[in-house]
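Worksheet: one structure, shown below.
4 protein chains.
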Amino acid sequence: MIPSGELIQLVSPKGKRYTMILNAEEELHTHDGLIPLARICDMDFGQAVATHLGREYLVLKPTLYDLLKNVQRKTQIIYPKDIGYILLKLGIVPGGEVLEAGSGSGSLTMALAWYSGPQGCVHSFERREEFVDLCARNLERVGLRDRVSFYSRDIGEGFGLSDIPAGFIDVRTPWDYVDQLGRALQNGAPAGFLLPTMNQVERLLRALEDSCFTDPEVLEILVRPYKPVADRLRPEDRMVAHTGYLIFCRVMK
Amino acid sequence: MIPSGELIQLVSPKGKRYTMILNAEEELHTHDGLIPLARICDMDFGQAVATHLGREYLVLKPTLYDLLKNVQRKTQIIYPKDIGYILLKLGIVPGGEVLEAGSGSGSLTMALAWYSGPQGCVHSFERREEFVDLCARNLERVGLRDRVSFYSRDIGEGFGLSDIPAGFIDVRTPWDYVDQLGRALQNGAPAGFLLPTMNQVERLLRALEDSCFTDPEVLEILVRPYKPVADRLRPEDRMVAHTGYLIFCRVMK
Amino acid sequence: MIPSGELIQLVSPKGKRYTMILNAEEELHTHDGLIPLARICDMDFGQAVATHLGREYLVLKPTLYDLLKNVQRKTQIIYPKDIGYILLKLGIVPGGEVLEAGSGSGSLTMALAWYSGPQGCVHSFERREEFVDLCARNLERVGLRDRVSFYSRDIGEGFGLSDIPAGFIDVRTPWDYVDQLGRALQNGAPAGFLLPTMNQVERLLRALEDSCFTDPEVLEILVRPYKPVADRLRPEDRMVAHTGYLIFCRVMK
Amino acid sequence: MIPSGELIQLVSPKGKRYTMILNAEEELHTHDGLIPLARICDMDFGQAVATHLGREYLVLKPTLYDLLKNVQRKTQIIYPKDIGYILLKLGIVPGGEVLEAGSGSGSLTMALAWYSGPQGCVHSFERREEFVDLCARNLERVGLRDRVSFYSRDIGEGFGLSDIPAGFIDVRTPWDYVDQLGRALQNGAPAGFLLPTMNQVERLLRALEDSCFTDPEVLEILVRPYKPVADRLRPEDRMVAHTGYLIFCRVMK
Chain A
0 MIPSGELIQL
10 VSPKGKRYTM
20 ILNAEEELHT
30 HDGLIPLARI
40 CDMDFGQAVA
50 THLGREYLVL
60 KPTLYDLLKN
70 VQRKTQIIYP
80 KDIGYILLKL
90 GIVPGGEVLE
100 AGSGSGSLTM
110 ALAWYSGPQG
120 CVHSFERREE
130 FVDLCARNLE
140 RVGLRDRVSF
150 YSRDIGEGFG
160 LSDIPAGFID
170 VRTPWDYVDQ
180 LGRALQNGAP
190 AGFLLPTMNQ
200 VERLLRALED
210 SCFTDPEVLE
220 ILVRPYKPVA
230 DRLRPEDRMV
240 AHTGYLIFCR
250 VMK
Chain B
0 MIPSGELIQL
10 VSPKGKRYTM
20 ILNAEEELHT
30 HDGLIPLARI
40 CDMDFGQAVA
50 THLGREYLVL
60 KPTLYDLLKN
70 VQRKTQIIYP
80 KDIGYILLKL
90 GIVPGGEVLE
100 AGSGSGSLTM
110 ALAWYSGPQG
120 CVHSFERREE
130 FVDLCARNLE
140 RVGLRDRVSF
150 YSRDIGEGFG
160 LSDIPAGFID
170 VRTPWDYVDQ
180 LGRALQNGAP
190 AGFLLPTMNQ
200 VERLLRALED
210 SCFTDPEVLE
220 ILVRPYKPVA
230 DRLRPEDRMV
240 AHTGYLIFCR
250 VMK
Chain C
0 MIPSGELIQL
10 VSPKGKRYTM
20 ILNAEEELHT
30 HDGLIPLARI
40 CDMDFGQAVA
50 THLGREYLVL
60 KPTLYDLLKN
70 VQRKTQIIYP
80 KDIGYILLKL
90 GIVPGGEVLE
100 AGSGSGSLTM
110 ALAWYSGPQG
120 CVHSFERREE
130 FVDLCARNLE
140 RVGLRDRVSF
150 YSRDIGEGFG
160 LSDIPAGFID
170 VRTPWDYVDQ
180 LGRALQNGAP
190 AGFLLPTMNQ
200 VERLLRALED
210 SCFTDPEVLE
220 ILVRPYKPVA
230 DRLRPEDRMV
240 AHTGYLIFCR
250 VMK
Chain D
0 MIPSGELIQL
10 VSPKGKRYTM
20 ILNAEEELHT
30 HDGLIPLARI
40 CDMDFGQAVA
50 THLGREYLVL
60 KPTLYDLLKN
70 VQRKTQIIYP
80 KDIGYILLKL
90 GIVPGGEVLE
100 AGSGSGSLTM
110 ALAWYSGPQG
120 CVHSFERREE
130 FVDLCARNLE
140 RVGLRDRVSF
150 YSRDIGEGFG
160 LSDIPAGFID
170 VRTPWDYVDQ
180 LGRALQNGAP
190 AGFLLPTMNQ
200 VERLLRALED
210 SCFTDPEVLE
220 ILVRPYKPVA
230 DRLRPEDRMV
240 AHTGYLIFCR
250 VMK
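Residue numbers (numbering that gives the first Met the number 0), protein chains in the order written: chain A, 0 to 252; chain B, 0 to 252; chain C, 0 to 252; chain D, 0 to 252.
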């Protein structure tokens, strides 16, 4: 039995995925026909529900990874390989608080909200209205919207927050906001940045040198997938070679 | 002000780190002299406390990454780069439940306990008493011991659990426990494995083929660190080339 | 002035490349019109020759890399990143001798012939007539055909050669030919293998253990390309993740 | 039978390697005793020669890779993984001509001399007398000294050569010599550079933009070694993460 309010993912015969909070009073309209969601309440995860045309959709309990794969995007998103590491380095914790800028399509926002838990709070800064909307919609669909506070202020004038235990900055010119970030964070707090080019990393490192941040680390994470065939075990022919460089440091005022 | 009961990390002038739950009635004995912990209660994170010999120890709020770096180990541990990804792929969530075998030194156990949160539960299977003790001590020190149930049973005879929403197996011969794992997990649940050698991956893939698990994925994660010097930006000379292969799949009974 | 008999490469406006030994009495027929090659004899490298329709073709002296990129292929070829390393490990030297099996499309054959020089000799074993033809044609076009001797014999019955100073095997089941290779090579000689899957590497290593070969090495080579843009320096989004594993060892009879 | 004048490498019981041109009238003094080299003339490669104290030294015909491993170094050297690729990209060919700056310890010089063959010529530019001496000694020992012409001139004032078919620059500020290199090279000729830091790559790319060089490529090459154990096939724990970035381009005057 899957209760109303549960987060579910339906997988079509062709692999298309629909993510939603289960509402027994709604129907899902698909290319393969209509699914009255009430039927899913009588099922268990891992079973298949039929559309009115008889096509079977698998009912899964999505992992965070599944959700991130399905984020609607209008921007470059942050990938799971980077998100997992960011969580650990920032000390994200259930019940905790964290600040991020900008929200973008919201893949990192979703992960921060997921792991900050129902008692946690994510402060997400984004100036472009369309991205706030997109990010909010992506969070809404997976039931995490109420864990996130959006701010559209110009962070060049400060975050308007203080004593936040961790921060992550994913904007084009993070060096412009280093001092503001330092003021918003608790002393000793970890901060992180994602930047696609070496020129940006260079410029950020210079800004960090003249700031209250210490112990900068720069790294990149590569995921190498293999063909999962026991008789012919070998890496895939091609792989993602780059998403961005990660920079981590710590406030020491 | 740092309240008693808070998780703290003290960093010595030489970089040695002491992790503990702050107890105002205790003292910490170090090579640099004694620190009455009560003094820390009057301080803020990011400040330094002096030993009775006048050496200054930095007081930090540790991130999960900091804790993992400081795990006492008698076994090969699972590294942050892999742990972060495992969390997302397994759908670890505050308030959730997860099963792992074996406990080992407890680095993954610690991360699972951290992100399963105070309402969550980690079922950790380990037959060797010394590792249960070590793992329990590592968890105790960071205040996460009570989120973990240890089991010393022979998992060849089953896990004795059912309907668990996720599982991770880090033992030498995981192919011996695939059916047992399938029975312990909820239908549709994600499962993961870590294996150091290709021969083991091959053997596990064969076992998965004949099991209730589907959609196997095999991958490895590489972290490449850079020298954080703005004027001479370049990767470090050497890096970790291998920890293990990650395998993920899903139960479909 | 470019003399007849020189190896040249013509690059069309669209980047299509024509490789040939310059013969002043011939004409090249292209989609952009006809080029009387005699005209090229009056030019220098780096200049452009016009077709009778007025389209300009750049005249270049090709590097071995350029030639390898233009090999006509019906098989998986060996890539420059691997070839360069193979040359050094096998001790390929102008005036030297080397044995390879199989010829395939001839990319390695071409490199071996190129660096063995006019006094050198490449013994190339290939059972499938169509690959011998393809390989010979690829060599002919670049003027290296006469440095290579082709053999179509079944190498399971031996190579029919002895005292060869180096050997490279690129066939599906190299373990079947390890002893034969050992007999064909000079004592102390280096040998190399290329294999796409881990299962094959495992099987070859077992065969080498029971053979006259010592000091096996296994490695893979990765080339990571960058976008060559000064203002936005970063790796390309995707890269080749795998071509094959290289295995090197030495005969010690 | 190994004739006088042949290049040989002797390997001690502890793995120490001695490279030399065999001279039957000399003796080799080792920690394990004395070896009259005349004895080696009566042997074959792959056999062992005994010192007067009865310790056995293996007699090998060294590959270029073996020689490069044994180069005496006072500078950062260029590694085989990079050298192999450089050879192909520069079109190094037996009987050819090539220009390099600076000579350094001479690992690339050795490879260029090896593959340019007895009819070839390497023009090597190096201002520091001690490196010219070191490089010359490294070449002398392996019998390649006479293929290399050394120049100690200030290349800021030009190379004093023209119409050279390929060039490689391994100096700290290559952007200072781009125009001079352009003038020294044949039109259409390939050129290469090795640089350890991203800042240098950025600066070189800017200089190339304003020069007669076109089609810049930037890349790095990684070699990942495996433990050669059939039963436990896996990468080594650690690997070299960086030597330098390679940049290639072509003169188009």
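All residues carry an ideal CB built from backbone N, CA and C; glycine is no exception.
Anticipated Cβ contact below 8 Å, Pro2/B with Glu216/A, distance rounded: Counting from one through the second sequence, the residue named residue 2/B turns up at place 3. Counting from one through the first sequence, the residue named residue 216/A turns up at place 217. About 30 Å separates the two Cβ atoms, so there is no contact after all.
Can you give me, in chain order, the residues of the region 140-160 of chain C that have a beta carbon less than 7 Å from any beta carbon in chain D? none
Kindly indicate the opening and closing residues of the beta strand (DSSP E) around Pro224/C. The residue you call residue 224/C lines up with position 225 of the third sequence. Residues 212-226.
Span separating the alpha-carbon of Ala190/D from that of Ile76/B: Reading the fourth sequence from its first residue, position 191 is the one you call residue 190/D. Reading the second sequence from its first residue, position 77 is the one you call residue 76/B. Straight-line Cα distance between these residues: approximately 46 Å.
Let me make sure I understand the geometry here. Which of Ile246/C, Val141/C, Val170/C has the alpha-carbon closest to that of Glu5/C? The residue labelled residue 5/C in the question sits at position 6 within the third sequence. Glu5/C has its Cα closest to that of Val141/C, out of Ile246/C, Val141/C, Val170/C.
First and last residue of the alpha helix (DSSP H) that includes Arg38/A? Working through the first sequence from its first residue, we reach residue 38/A at position 39. 37-40 is the extent of the alpha helix (DSSP H) around Arg38/A.
Take every Cβ of the region 194-211 of chain D, pair it with every Cβ of the region 230-247 of chain B, and state whether three or more of those distances are shorter than 8 Å. yes
When the Cα atoms are used, what is the spatial distance from Ala183/A to Glu156/A? Residue mapping note: residue 183/A aligns to position 184 of the first sequence, counting from 1. Residue mapping note: residue 156/A aligns to position 157 of the first sequence, counting from 1. Their backbone Cα atoms lie some 11 Å apart in a straight line.
Should Gln185/C go down as buried or exposed, given a rule of 16 or more other Cβ atoms within 10 Å for buried? The residue given as residue 185/C occupies position 186 in the third sequence. It is buried - the Cβ of Gln185/C has at least 16 other Cβ atoms within 10 Å.
Burial state of Thr108/D, where buried means 16 or more other Cβ atoms lie within 10 Å: Residue numbering aside, residue 108/D sits at position 109 when the fourth sequence is read from its first letter. It is buried - the Cβ of Thr108/D has at least 16 other Cβ atoms within 10 Å.
Nearest-angstrom Cα separation, counted from His28/A out to Gln179/A: To locate residue 179/A, count along the first sequence from 1; it is residue 180. To locate residue 28/A, count along the first sequence from 1; it is residue 29. Straight-line Cα distance between these residues: approximately 47 Å.
So, is the C-beta of Pro195/D closer than 7 Å to a C-beta in chain B? Against the fourth sequence, residue 195/D aligns to sequence position 196. Cβ-Cβ to chain B under 7 Å: yes for Pro195/D.
Contact check, Ser123/D vs Val147/D under 8 Å by CB: the rounded distance? Indexing the fourth sequence from 1 puts residue 123/D at position 124. Indexing the fourth sequence from 1 puts residue 147/D at position 148. At roughly 5 Å, the Cβ-Cβ gap stays under 8 Å, so Ser123/D and Val147/D are in contact.
Could you tell me whether the Cβ atoms of Pro79/A and Gln8/A are closer together than 7 Å? As a position in the first sequence, residue 79/A is number 80, starting the count at 1. As a position in the first sequence, residue 8/A is number 9, starting the count at 1. For Pro79/A and Gln8/A, no; Cβs fall outside 7 Å.
Val222/C versus His30/C, Gly243/C, Leu63/C, Leu89/C, residue with shortest Cα-Cα distance: Counting from 1 along the third sequence, the entry for residue 222/C is found at position 223. Cα-wise, what sits closest to Val222/C is Gly243/C.
Through-space distance from Leu33/C to Asp41/C, alpha-carbon basis: Mapped onto the third sequence, residue 41/C falls at position 42. Mapped onto the third sequence, residue 33/C falls at position 34. Looking at the two C-alpha atoms, the distance is approximately 17 Å.
Tell me whether Thr18/D is buried or exposed, calling it buried when 16 or more other Cβ atoms sit within 10 Å of its Cβ. Walking along the fourth sequence from the start, residue 18/D turns up at place 19. The residue in question, Thr18/D, is buried, as its Cβ has 16 or more Cβ neighbours within 10 Å.
What are the boundary residues of the alpha helix (DSSP H) that includes Thr18/A? Along the first sequence, one-based indexing puts residue 18/A at 19. Looking at the DSSP string, Thr18/A is not in any alpha helix (DSSP H); the run it does join, the beta strand (DSSP E), is 16-20.
Opposing strand residues paired with Ile7/A [DSSP bridges]: Stepping through the first sequence from its first residue, residue 7/A is reached at position 8. In the DSSP output, where bridge partners are listed per residue, Ile7/A has Met19/A.
Contact set for Asp162/A: own chain, Cβ-Cβ below 6 Å, skip 5 residues either direction: Your numbering for residue 162/A matches position 163 in the first sequence. Taken in chain order, the residues that qualify are Gln185.
Touching by the beta-carbon criterion (3+ pairs, under 8 Å), the region 117-133 of chain B and the region 127-146 of chain A: no
Answer with buried or exposed for Arg249/A, where buried requires no fewer than 16 other C-beta atoms within 10 angstroms of its C-beta. Position 250 of the first sequence, counted from the start, is the residue given in the question as residue 249/A. With 16 or more other Cβ atoms within 10 Å, it is buried.
Counting only beta-carbon atoms, is Ala255/B nearer than 7 Å to chain D? A question about residue 255/B goes unanswered here, because the residues of chain B that appear run from 0 up to 252.
Using a C-beta cutoff of 7 Å, does Glu235/C count as contacting chain A? Counting from 1 along the third sequence, the entry for residue 235/C is found at position 236. Output row for Glu235/C: interface = yes.
Relative to the ligand FMN, is the shortest distance from any of its heavy atoms to the C-beta of Leu180/B smaller than 6 Å? Ligands in the displayed structure: none, and consequently the ligand FMN is not present.
Could you work out which residues of chain A lie near Glu201/D, taking near to mean beta carbons separated by less than 9 Å? As a first step, residue 201/D is located in the fourth sequence; it is residue number 202 there, counting from the start. The contacting residues are Met197, Asn198, Glu201.
Please report how far the alpha carbon of Leu63/C lies from the alpha carbon of Met0/C, in whole angstroms. In the third sequence, residue 63/C corresponds to position 64, counting from 1. In the third sequence, residue 0/C corresponds to position 1, counting from 1. For Leu63/C and Met0/C, the distance between alpha carbons rounds to 22 Å.
Could you pull the start and end residues of the beta strand (DSSP E) that Pro189/D belongs to? Residue numbering aside, residue 189/D sits at position 190 when the fourth sequence is read from its first letter. Per DSSP, Pro189/D belongs to the beta strand (DSSP E) from 189-194.
Local Cβ density within 10 Å of Lys88/B, reported as buried at 16 or more and exposed below that: For the purposes of this step, residue 88/B is identified with residue 89 of the second sequence, where counting begins at 1. By the 10 Å Cβ count, Lys88/B comes out buried.
The alpha helix (DSSP H) enclosing Arg202/B, as first and last residue numbers: As a first step, residue 202/B is located in the second sequence; it is residue number 203 there, counting from the start. That run of the alpha helix (DSSP H) goes 197-208.
Could you run through the region 214-230 of chain D and flag, in chain order, every residue whose CB is less than 9 Å away from some CB of chain C? Asp214, Pro215, Glu216, Val217, Leu218, Glu219, Ile220, Leu221, Val222, Arg223, Pro224, Tyr225, Lys226, Pro227, Val228, Ala229, Asp230
Rounded to whole angstroms, what's the CA-CA distance from Gly45/D to Leu218/D? Just pull it up for me. For the purposes of this step, residue 45/D is taken as residue 46 along the fourth sequence, with counting starting at 1. For the purposes of this step, residue 218/D is taken as residue 219 along the fourth sequence, with counting starting at 1. Spanning the two alpha carbons is a distance of roughly 38 Å.
Let me know the secondary structure DSSP gives Phe158/C once reduced to three states. Position 159 of the third sequence, counted from the start, is the residue given in the question as residue 158/C. Here Phe158/C sits in coil by DSSP.
Below 7 Å between beta carbons: does that hold for Val239/C and Ala206/C? Counted from its first residue, the third sequence places residue 239/C at position 240. Counted from its first residue, the third sequence places residue 206/C at position 207. Not closer than 7 Å, so no.
Which runs of the beta strand (DSSP E) at least 3 residues long sit entirely within the region 96-165 of chain C? Give them in chain order. 96-100, 120-124, 147-150
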